[in-house]
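> I'd like to ask you about the structure that follows.
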Amino acid sequence: MLKTAIFRDDLFLQHIPDFNHVESPKRLQVIYKELDRPEIAEKFVFPAWEPASQEVLRRIHTKALVKQVAATAGKTFASLDPDTQTSPQSYGAACQAAGAVIKGAAMVAAGEVDNCFALVRPPGHHAEADRAMGFCLFNNIAIGARFALDELKMNRVFIIDWDLHHGNGTQHSFYDTDQVLYMSTHQYPYYPGSGGLTEVGSGRGEGFTVNVPLAGGQDDLAYGRIFREILVPVVKQYKPDIIMVSAGFDTYIADPLGTMAVTARGFAYMTRILVELAAEVCDNRLLVALEGGYNLEGLRDGVLAVLGELAGLEDCSDQRLNRLDRATIEQLEQKIVHLPVLDQVRDIAKKYWEL
């Protein structure tokens, strides 16, 4: 087993954009309910942590945006964009969410845990330097990556974003640097409209953005091919100091916002690849942060599948937490799925990487 930390806080349940918003507290309530079961809780550690300071937030976001979001504290309702609203505790929850990713990065860097999962709300990967958008107030994963570079003295961070939607804010945060390699798999063209094949970075960052735009309908087999044929060889060459994951579960087969066909098995398999990769290239340092996912059953089971792989569980009484067996992995790896976009991605990426 590996030592896995889970970051959870009831403050995240207090972020309530409005009573009919799809990004609701129920998303975490269904997961937290499972984590309250003693037979599950005993397999993980649950650290305490501090919220991100405004100074840390401003390393990614403008002073004006931080001030705008902070001004919503205590207000019954505020709308920051058509999809992004706040309630009285939203600013506090957003600072706590960013703080969870910071603490997780610090813990894996120090070897206190092998890996971690920040089960947070609000999500973050759409938040731009100067704009809250797409349900996101602050960009949790980008803030954590910046902290890893500045304070933990890391030199290279790899971020994989498997959310249904492209992480525009994360991409733009590091588009011109080689210190962060950002890779995204996402439905395209789809909200927010970014993430095309030719978006590869600029200046020193050219080649350090890898986008895999998908038409929809891709399943466990398709995501497995993308990870094995593109992600693994690129990361082995990049040799990051830490792997970070923007883990969206809206690619689940029954999610109301997309048309992907990933199951809990697929989320487990992607995680297995990353766990093994982290063991090879960065001393197990792997951090997962929650992004989207709006089918409650799929989100719950997907998160449990990821947690089981992170911790390396094989004998848990709850089968959803057990690692994939060898027969399932062989099935995922031996079946061939037609994926024309993979050739396009490879043709672009091989200008910068050996593929």
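Numbering of the sequence shown is given in the working numbering, commencing with residue -7 and proceeding in unit increments.
In this text, a Cβ means the ideal position worked out from N, Cα and C, and glycines have one as well.
Mapping DSSP to helix, strand and coil, what is Y244?
Within the sequence shown, residue 244 is the residue found at index 252, counting from 1. Of the three classes helix, strand and coil, the one that applies to Y244 here is strand, per DSSP.
> Give the secondary structure of L173 by DSSP, where H, G and I count as helix, E and B as strand, and everything else as coil.
Here the question's residue 173 lines up with position 181 in the sequence shown. Residue state, collapsed to three classes: strand.
> Using 10 angstroms around the beta-carbon of L301, count the other beta-carbons present and answer buried if the total reaches 16, otherwise exposed.
Stepping through the sequence shown from its first residue, residue 301 is reached at position 309. Here residue 301 turns out to be Glu, not Leu, going by the sequence shown. The residue in question, E301, is buried, as its Cβ has 16 or more Cβ neighbours within 10 Å.
> Can you tell me whether S82 is helix, strand or coil according to DSSP?
Locating residue 82 in the sequence shown gives position 90, counting from the first residue. Here S82 sits in helix by DSSP.
> Give the straight-line distance between the Cα atoms of M125 and A102, rounded to the nearest whole angstrom.
In the sequence shown, the residue the question calls residue 125 occupies position 133. In the sequence shown, the residue the question calls residue 102 occupies position 110. Cα to Cα, M125 sits roughly 33 Å from A102.
> Looking only at its own chain, which residues have a Cβ that is under 8 Å from the Cβ of G66, when we skip the five neighbours before and after it?
Numbered from 1 along the sequence shown, position 74 holds the residue referred to as residue 66. P80.
> Between which residues of its own chain and L173 is the CB-CB distance below 6 Å, once the five residues before and five after are set aside?
Looking up residue 173 in the sequence shown gives position 181. So the list reads F150, F200 and Y230, once near-sequence residues are dropped.
> Can you list, in chain order, the residues of its chain with a C-beta nearer than 7 Å to that of D212? Leave out the 5 residues immediately preceding and following it.
On the sequence shown, residue 212 is found 220 positions in, with the first residue counted as 1. Within the same chain, D212 has close Cβ partners V254, T255, R257, G258, Y261 and L324.
> In the DSSP assignment, find the alpha helix (DSSP H) that holds I151 and state where it starts and stops.
In the sequence shown, residue 151 corresponds to position 159, counting from 1. Where I151 is concerned, there is no enclosing alpha helix (DSSP H), although the beta strand (DSSP E) it sits in stretches over V149 to D153.
> How far does the beta strand (DSSP E) with P205 in it extend, from its first residue to its last?
On the sequence shown, residue 205 is found 213 positions in, with the first residue counted as 1. Where P205 is concerned, the enclosing beta strand (DSSP E) stretches over T201 to L206.
> Between K342 and E268, what straight-line distance do the alpha-carbon atoms span, to the nearest angstrom?
Translated into positions along the sequence shown, residue 342 becomes position 350. Translated into positions along the sequence shown, residue 268 becomes position 276. Computed Cα separation, rounded: 23 Å.
> Within a Cβ cutoff of 6 Å, which residues of the same chain sit near V280, ignoring the five residues on either side of it in sequence?
Position 288 of the sequence shown, counting from 1, holds the residue named residue 280. Taken in chain order, the residues that qualify are F109, V237 and A239.
> If we count the other Cβ atoms within 10 Å of its Cβ and call it buried at 16 or more, is A(-3) buried or exposed?
Counted from its first residue, the sequence shown places residue -3 at position 5. Buried: at least 16 other Cβ atoms inside 10 Å.
> In whole angstroms, give me the CA-to-CA distance for R352 and N132.
The question about residue 352 has no answer here: the residues shown for the chain are numbered -7 through 347.
> Between the alpha carbons of Q336 and A62, how many angstroms are there, rounded?
Numbered from 1 along the sequence shown, position 344 holds the residue referred to as residue 336. Numbered from 1 along the sequence shown, position 70 holds the residue referred to as residue 62. Looking at the two C-alpha atoms, the distance is approximately 43 Å.
> To the nearest angstrom, how far is it from the Cα of Q77 to the Cα of R338?
Start at 1 with the first residue of the sequence shown, and residue 77 comes out as number 85. Start at 1 with the first residue of the sequence shown, and residue 338 comes out as number 346. Cα-Cα distance, rounded: 39 Å.
> Decide if F(-1) is buried, meaning its Cβ has at least 16 other Cβ atoms within 10 Å, or exposed.
By one-based count along the sequence shown, residue -1 stands at place 7. Flag for F(-1) reads buried.
> Compare the Cα-Cα distances from H178 to each of K(-5), G197, L20 and T243 and report the closest residue.
What you label residue 178 is simply residue 186 of the sequence shown in a count that begins at 1. Closest by alpha carbon: T243.
> Please name the residue in R29, T251 and I32 whose C-alpha comes closest to that of G209.
Position 217 of the sequence shown, counted from the start, is the residue given in the question as residue 209. G209 has its Cα closest to that of T251, out of R29, T251 and I32.
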